[in-house]
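Engineer: Line by line, the protein sequences are chains W and D. Each step along the first sequence adds one to the number in numbering that gives the first Met the number 0, with nothing skipped, and position 121 is 120. Each step along the second sequence adds one to the number in numbering that gives the first Met the number 0, with nothing skipped, and position 326 is 325. In this text, a Cβ means the ideal position worked out from N, Cα and C, and glycines have one as well. Just so we're clear, the structure is a prediction, and the values are computed from it rather than from any experiment. Sending over a structure as structure tokens; questions will come in a sec.
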Amino acid sequence: MKYICLGYIEPNKVEAMSETERNAMVDECVAYDDELRKKGHFAGGEALQGPQTATTLRWKSGKVSITDGPYAETKEQIGGILVLETRDLNHAIQLMSKHPGVKAGPFEIRPAADLSEMIRESEQRRAGGKAKSKRP
Amino acid sequence: MNQDSRVHEQVESLYRADSRRILATLVRLLGDFDLAEDAMQDTFAAALEHWPKDGVPANPRAWLVSTGRFKAIDAVRRRARFDASQEKIAEQLETEPGDAAAESDESVADDRLRLIFTCCHPALAPEARVALTLREVCGLTTEEIARAFLTAAPTLAQRIVRAKAKIRAARIPYQVPAPEELPDRLDAVLQVVYLVFNEGYSASSGASLTRADLSAEAIRLGRLLLELLPEPEVMGLLALMLLQESRRAARTSPTGELVLLENQNRSLWSREQIVEGVKLVERGLLSRRFGPYTLQAAIAAVHSEASDAAATDWAQIIALYSVLARAEPSPVVELNRAVAVAMRAGPEAGLALIDAIFARGELTDYHLAHSARADLCRRLGRSAEARASYERALALTRLEPERRFLEKRLRELGEEK
Numbered sequence: 000m001k002y003i004c005l006g007y008i009e010p011n012k013v014e015a016m017s018e019t020e021r022n023a024m025v026d027e028c029v030a031y032d033d034e035l036r037k038k039g040h041f042a043g044g045e046a047l048q049g050p051q052t053a054t055t056l057r058w059k060s061g062k063v064s065i066t067d068g069p070y071a072e073t074k075e076q077i078g079g080i081l082v083l084e085t086r087d088l089n090h091a092i093q094l095m096s097k098h099p100g101v102k103a104g105p106f107e108i109r110p111a112a113d114l115s116e117m118i119r120e121s122e123q124r125r126a127g128g129k130a131k132s133k134r135p
Numbered sequence: 000m001n002q003d004s005r006v007h008e009q010v011e012s013l014y015r016a017d018s019r020r021i022l023a024t025l026v027r028l029l030g031d032f033d034l035a036e037d038a039m040q041d042t043f044a045a046a047l048e049h050w051p052k053d054g055v056p057a058n059p060r061a062w063l064v065s066t067g068r069f070k071a072i073d074a075v076r077r078r079a080r081f082d083a084s085q086e087k088i089a090e091q092l093e094t095e096p097g098d099a100a101a102e103s104d105e106s107v108a109d110d111r112l113r114l115i116f117t118c119c120h121p122a123l124a125p126e127a128r129v130a131l132t133l134r135e136v137c138g139l140t141t142e143e144i145a146r147a148f149l150t151a152a153p154t155l156a157q158r159i160v161r162a163k164a165k166i167r168a169a170r171i172p173y174q175v176p177a178p179e180e181l182p183d184r185l186d187a188v189l190q191v192v193y194l195v196f197n198e199g200y201s202a203s204s205g206a207s208l209t210r211a212d213l214s215a216e217a218i219r220l221g222r223l224l225l226e227l228l229p230e231p232e233v234m235g236l237l238a239l240m241l242l243q244e245s246r247r248a249a250r251t252s253p254t255g256e257l258v259l260l261e262n263q264n265r266s267l268w269s270r271e272q273i274v275e276g277v278k279l280v281e282r283g284l285l286s287r288r289f290g291p292y293t294l295q296a297a298i299a300a301v302h303s304e305a306s307d308a309a310a311t312d313w314a315q316i317i318a319l320y321s322v323l324a325r326a327e328p329s330p331v332v333e334l335n336r337a338v339a340v341a342m343r344a345g346p347e348a349g350l351a352l353i354d355a356i357f358a359r360g361e362l363t364d365y366h367l368a369h370s371a372r373a374d375l376c377r378r379l380g381r382s383a384e385a386r387a388s389y390e391r392a393l394a395l396t397r398l399e400p401e402r403r404f405l406e407k408r409l410r411e412l413g414e415e416k
């Protein structure tokens, strides 16, 4: 089962750290990710640049509006995502509880949604639509 | 009595005694709460149909489990006619071993623990844990739970549905936690049990002070847990509940008024529950792995052994509260310790401790802290201060009998003037 772990950080807290502290934290996180990789639990992941680099697309009055930044500035911001491959939720909780990143901010763990059925139905609909349009 | 009604009665008593156990095993075999619940209803219906004709099987429980399993597979097959994805589920269920008769008692006992730990999983919302535990482990109906918690039945039903959906979607496993996780996870279970007890013992709002059924249910749950998992804190919690419950008859007057511990008629206390509670406390303390529940039970036990408030071993109570405050620092524990200090060293000493808590900005919205302060001021003859604190407590309490108690105290202060 795939779980997506959204890792939140508090930028103020990270900025307040000394360089040595920050390096130690990064090293621990990288080492733990490697461990997850070795055991086959790390199914992907990316760190995110700061919210000031974000661009939001939103459907507004019949067209896409482009705005700067995320919708709301909050104390905690998503710092990265990690895709975990585990047996079940307990296993995911167990692995992420040991992740040093949990000390920098909370992890939100959500099971990945299986869209294959939805995609298959959509394909059927689209194929059916084509067949229909061919008819006079 | 004819054969039919004898069988009928036997099925009914099996349902009362074993339906939760059977459900717990079916959830494991079928991997789904709703499927298991339907299967359990179906299997008991099947017993009523077949047993009068074919006779009661040698091992009725095993029969009920394996029949329930086949009923569920049939149900999934029927659904497969409309939904192809169900066919795979049915096949999987059929190939998995499900011979209940061959299973050891140990694995069946584990099923009940699995059920408890899953219902009390920390990934579920706290209200949902309580509702799910009462529904699945205790077998209360949704309406009964809703009534006990003064909630609308549809709201409660939805809470349960959401919790089950999360168990399924997030894949919360049906298992007893590993030894290294056990202390934390057990703590979550004990919290649910104690919450149920407290809701029954001192309802958080409403006209009646106690809802005895919920407390009895919590004690039953505590006994079951102790049987399945004899950990010291399980003993401690069961003891605490028994010792508090032992005072039920004495803590409200015939007219429904609140009676404080020091004014209770102790001959109304249940000796039977006290004896059982004290024995459990002693066992828990001897383990040397005890925690907050055992300590609170030990304090309740000291009260239980005193013939009246004056004869209480306050020194021991203060010492126990000190240990408790170290084990689990909390301003409420400090407040209780302050009240005990007042009993031993006089109201002034207790008042200083309560004011110190308030000075830190803690418990300022807690009605019991203000009424305790009011009581100490009253004993010191500081009527104006007592009145102010009673009024503050009155503004904060939501429970009708407590309101009446505080109003009575305020009237008495008025008369003293």
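Output yes if chain D places a C-beta closer than 9 Å to the C-beta of Glu116/W; else output no.
Structural biologist: With 9 Å as the cut-off, Glu116/W counts as an interface residue toward chain D.
Engineer: Is the beta carbon of Leu114/D sitting closer than 9 Å to the one on Ala71/D?
Structural biologist: Not closer than 9 Å, so no.
Engineer: Thinking Leu236/D and Leu285/D are a contact (beta carbons under 8 Å), I'd like their distance in whole angstroms, please.
Structural biologist: Actually they are not in contact, since the Cβ atoms of Leu236/D and Leu285/D sit about 16 Å apart, beyond 8 Å.
Engineer: Considering Cα atoms alone, identify which of Met39/D, Asn264/D, Met342/D and His369/D is closest to Arg385/D.
Structural biologist: Correcting the residue type first, residue 385/D is Ala in the shown sequence and not Arg. Of the listed residues, the one whose Cα sits closest to Ala385/D is His369/D.
Engineer: Buried or exposed, going by whether 16 or more other CB atoms sit within 10 Å of the CB of Ala111/W?
Structural biologist: Burial call: exposed.
Engineer: Out of Arg397/D, Leu398/D, Ser65/D and Tyr389/D, which one is the CA nearest neighbour of Lys407/D?
Structural biologist: Among Arg397/D, Leu398/D, Ser65/D and Tyr389/D, the Cα nearest to that of Lys407/D is on Tyr389/D.
Engineer: Among the candidates Gln123/W, Ala126/W and Val13/W, whose CA atom is the shortest distance from the CA of Gly100/W?
Structural biologist: Of Gln123/W, Ala126/W and Val13/W, the residue nearest in Cα terms is Val13/W.
Engineer: Measure from the alpha carbon of Ala355/D to the alpha carbon of each residue in Leu367/D, Arg372/D, Leu379/D and Pro51/D, then state which is nearest.
Structural biologist: When only C-alpha atoms are compared, the closest one is Arg372/D.
Engineer: Is there a Cβ from chain D that is less than 9 Å from the Cβ of His90/W?
Structural biologist: So yes, His90/W belongs to the interface.
Engineer: Cβ of Ala79/D less than 9 Å from any chain W Cβ?
Structural biologist: Not an interface residue.
Engineer: State yes or no: is the beta carbon of Gln93/W nearer than 9 Å to at least one beta carbon in chain D?
Structural biologist: Yes, its Cβ sits closer than 9 Å to a Cβ of chain D.
Engineer: So Val195/D packs on Ala217/D, CB below 8 Å; how close in whole Å?
Structural biologist: Yes, Val195/D and Ala217/D are in contact; Cβ-Cβ is about 4 Å, under 8 Å.
Engineer: From the beta carbon of Asp87/W, is the nearest beta carbon of chain D less than 9 Å away?
Structural biologist: Judged by the 9 Å Cβ criterion, Asp87/W is in contact with chain D.
Engineer: Please compile the residues from chain W whose C-beta is within a distance smaller than 8 Å of the C-beta of Ile417/D.
Structural biologist: Any question about residue 417/D goes unanswered here, given that chain D covers just 0 to 416.
Engineer: Which class does Cys137/D belong to by DSSP, given the choice of helix, strand or coil?
Structural biologist: Residue state, collapsed to three classes: coil.
Engineer: Less than 9 Å between the beta carbons of Leu92/D and Val107/D, yes or no?
Structural biologist: Against a cut-off of 9 Å, the Cβ pair of Val107/D and Leu92/D comes out as no contact.
Engineer: Tell me which same chain residues have a C-beta within less than 8 Å of the C-beta of Ala309/D, skipping the five on either side of it?
Structural biologist: The answer is none, since no qualifying residue turns up.
Engineer: Give every residue of the same chain whose Cβ lies closer than 7 Å to the Cβ of Ala187/D, excluding the five residues on either side of it in the sequence, and list them in chain order.
Structural biologist: Cys119 and Pro121, listed in sequence order.
Engineer: Less than 9 Å between CB atoms is the rule here; does Pro176/D satisfy it with respect to chain W?
Structural biologist: It does: the Cβ of Pro176/D has a partner Cβ on chain W nearer than 9 Å.
Engineer: For the stretch 313-333 of chain D against the stretch 260-275 of chain D, do three or more pairs of beta-carbon atoms, one drawn from each stretch, fall closer than 8 Å, so that the two count as touching?
Structural biologist: As far as the Cβ criterion goes, the stretch 313-333 of chain D does not touch the stretch 260-275 of chain D, which means the pair count is below three.
Engineer: Using the Cα positions of Gln157/D and Ala168/D, report the straight-line distance between them to the nearest angstrom.
Structural biologist: Their backbone Cα atoms lie some 16 Å apart in a straight line.
Engineer: Let's see if you can read the secondary structure: which residues bound the alpha helix (DSSP H) around Val175/D?
Structural biologist: Segment: none, Val175/D is in no alpha helix (DSSP H) and carries neither H nor E.
Engineer: Looking only at its own chain, which residues have a Cβ that is under 7 Å from the Cβ of Thr141/D, when we skip the five neighbours before and after it?
Structural biologist: Once the five neighbours on either side are set aside, the close Cβ partners of Thr141/D are Arg134, Ala152, Leu155, Ala156 and Ile159.
Engineer: Taking Pro110/W as the query, report the chain A residues whose CB atoms sit under 8 Å from its CB, ordered along the chain.
Structural biologist: In the structure shown, chain A does not exist; the protein chains are W and D.
Engineer: Thinking C-alpha only, which one of Leu181/D, Ala177/D and Leu224/D is nearest Tyr193/D?
Structural biologist: Among Leu181/D, Ala177/D and Leu224/D, the Cα nearest to that of Tyr193/D is on Leu224/D.
Engineer: Helix or strand or just coil, what does DSSP make of Phe196/D?
Structural biologist: If DSSP states are grouped into helix, strand and coil, Phe196/D belongs with the helices.
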